[in-house]
Amino acid sequence: MSWRVSTGFLEMVRGKTQMRRIENATSRQVTFSKRRNGLFKKAFELSVLCDAEVALIIFSPRGKLYEFSSSRYAFLPSSFSFSH
Numbered sequence: 001m002s003w004r005v006s007t008g009f010l011e012m013v014r015g016k017t018q019m020r021r022i023e024n025a026t027s028r029q030v031t032f033s034k035r036r037n038g039l040f041k042k043a044f045e046l047s048v049l050c051d052a053e054v055a056l057i058i059f060s061p062r063g064k065l066y067e068f069s070s071s072r073y074a075f076l077p078s079s080f081s082f083s084h
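The UniProt record's numbering puts the first residue of the sequence shown at 1, with every later residue one more than the last.
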């Protein structure tokens with residue numbers, strides 16, 4: 001975090017996150033869980049706001065499957081194949 005003066009007030013601003021692998025396994029798992037939850041929330045919001053069918057598939061670093069579908073009938077495009 002850094003600070004910026006704007007219109008006479010001191011504001012806290014976030015810096016850019018560097019896109020590189022997190023070396024610490026515990027930190028990496030925590031980050032994965034938080035970002036996974038955020039991604040699921042965004043997928044849900046997209047489906048509600050735009051009345052869109054949204055499906056999301058995530059494999060954790062340990063190979064665990066996480067999925068989201070905006071409808072009760074999950075669908076996969078016929079061109080999609082699992083290679084995991």
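C-beta: ideal position from N, C-alpha, C; glycine also.
If you keep only unbroken alpha helix (DSSP H) runs of at least 4 residues inside the UniProt domain "MADS-box" (12-72), you get 25-50. About 7 Å separates the beta carbon of glutamate 67 from that of leucine 56, a gap short enough to meet the 8 Å contact definition. Cβ contact annotation for threonine 31 (same chain, cutoff 8 Å, sequence separation greater than five): Ile22, in chain order. Distance from the CA of phenylalanine 40 to the CA of valine 5, rounded to the nearest whole angstrom, comes to 34 Å.
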